[in-house]
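Adding 88 to a residue's 1-based position in the sequence shown gives its number in the working numbering.
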Amino acid sequence: MKSSDFADLLINFSEVSTSVGALDIAADWVRLAEVFTLQSSKKSGDVCKLIANAGVPTAADRSVPNLLSNLDSLMRLLKSVSKKEPTASLGELQDALVAVKACRLLDVVDAVKLALTSAKPNASRKTSHSSANLETIQQLFDQLEASLGNEREFKSAHAQAQSSILTVADLKALAKKFTGSTAKSKDHALKLIWLRHASLLESRAKDAAIGGRTAA
């Protein structure tokens, strides 16, 4: 495989990166491609040998099976030459591509775009909840609201939330829905939920104390 062929392959990936706004990735890959095309004969031969040993596909060989089978080699080579691993990890790219093994190359490119987008540093990611989890969140919310201020019933509802199969993100969503505050962790979410109940009990106790003094 020629250095220019591999440069073409890198540029192909950099175009995908550019199209999703991952300019940091695109710049790195274009720079690496330029290095390959500007190598001296001796250096170029060494690079070609490294590429051949890694089994990276040529620019003309971009079929889905070859992209899949050579991803590992491509990622290893990029890491070894650039000393900087691409933002999207091998695992993320493989997960994105394995589901479209029999699809057209354009579909694969779309999958790579998604992987690059989701793996961008500091990219805002919207947390998604399954319909089953949304239903569980609503059920727990309703139980917590209904038992608010009742010590025994609220303890039971709180325990259900703690032992539920909800993910940390789901529990955070429950805490946000129930208290209006953003939790930093699972324990923090459960604490926020409990504090709303405790705060209500404390408020009732103060009102009762004030009422007692007024009556006296």
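All C-beta atoms, glycine included, are put in the ideal place defined by N, C-alpha and C.
| task | To the nearest angstrom, report how far apart Ala263 and Arg292 are at their CA atoms. | result | If I take the Cα positions, the gap works out to 22 Å.
| So the alpha helix (DSSP H) Leu259 belongs to, where does it begin and stop? | Run containing Leu259: 256–267, per the alpha helix (DSSP H) assignment.
| Between the C-alpha atoms of Phe242 and Leu289, what's the straight-line distance to the nearest angstrom? | CA-CA distance, Phe242 to Leu289, rounds to 11 Å.
| What do you get for Lys272, buried or exposed, if any count of 16 or more other CB atoms within 10 angstroms of its CB means buried? | Exposure of Lys272 is indicated by the presence of fewer than 16 other C-beta atoms within 10 angstroms of its C-beta.
| said: Considering only their Cβ atoms, is the gap separating Thr270 from Ile281 smaller than 9 Å? | reply: Contact flag unset, no.
| task | Can you say whether Leu228 is buried or exposed, counting buried as having 16 or more other CB atoms within 10 angstroms of its CB? | result | Classification for Leu228: buried.
| Burial state of Thr230, where buried means 16 or more other Cβ atoms lie within 10 Å | Looking at the sequence itself, residue 230 is Asp, so the reference to Thr does not match. Flag for Asp230 reads exposed.
| Excluding the five sequence neighbours on either side, which residues of its own chain have a C-beta within less than 8 Å of the C-beta of Gln248, listed in chain order? | Residues Leu228, Gln231 of the same chain have their beta carbon placed closer than 8 Å to that of Gln248, with the five preceding and five following residues left out of the count.
| message | Considering Cα atoms alone, identify which of Thr255, Val256, Ser235 is closest to His246. | response | Looking at the Cα atoms, Ser235 is the closest of the given residues.
| What is the DSSP secondary structure of Ile281, counted as helix, strand or coil? | If DSSP states are grouped into helix, strand and coil, Ile281 belongs with the helices.
| message | What would DSSP say about Lys243, mapped onto helix, strand or coil? | response | Lys243 falls in the helix class under three-state DSSP.
| task | State the Cα-Cα distance for the pair Asn221 and Gly237, rounded to the nearest angstrom. | result | If I take the Cα positions, the gap works out to 26 Å.
| If we ignore side chains and look at the alpha-carbon of each, how far apart do Glu239 and Leu259 end up? | Approximately 21 Å between the Cα atoms of the pair.
| Quick one, which of Lys265, Ser287, Asp275 has its alpha-carbon nearest Ser251's? | Of all alpha-carbon atoms in Lys265, Ser287, Asp275, the one lying nearest the alpha-carbon of Ser251 is that of Asp275.
| task | Give the single residue among His285, Thr224, Glu233 whose Cα lies nearest to the Cα of Ile253. | result | For the residues His285, Thr224, Glu233, the minimum Cα distance to Ile253 belongs to Thr224.
| task | Go ahead and pull the three-state DSSP assignment for Thr270. | result | The three-state reading of DSSP puts Thr270 in coil, since its state is none of H, G, I, E or B.
| said: Taking 7 Å as the limit between beta carbons, can you name the residues of its chain near Ala297, skipping five residues before and five after? | reply: Cβ neighbours of Ala297 beyond the five flanking positions: none.
| Applying the criterion that 16 or more other CB atoms from any shown protein chain within 10 Å of the CB defines a buried residue, is Ala277 buried or exposed? | Residue environment for Ala277: buried (at least 16 other C-beta atoms within 10 angstroms of its C-beta).
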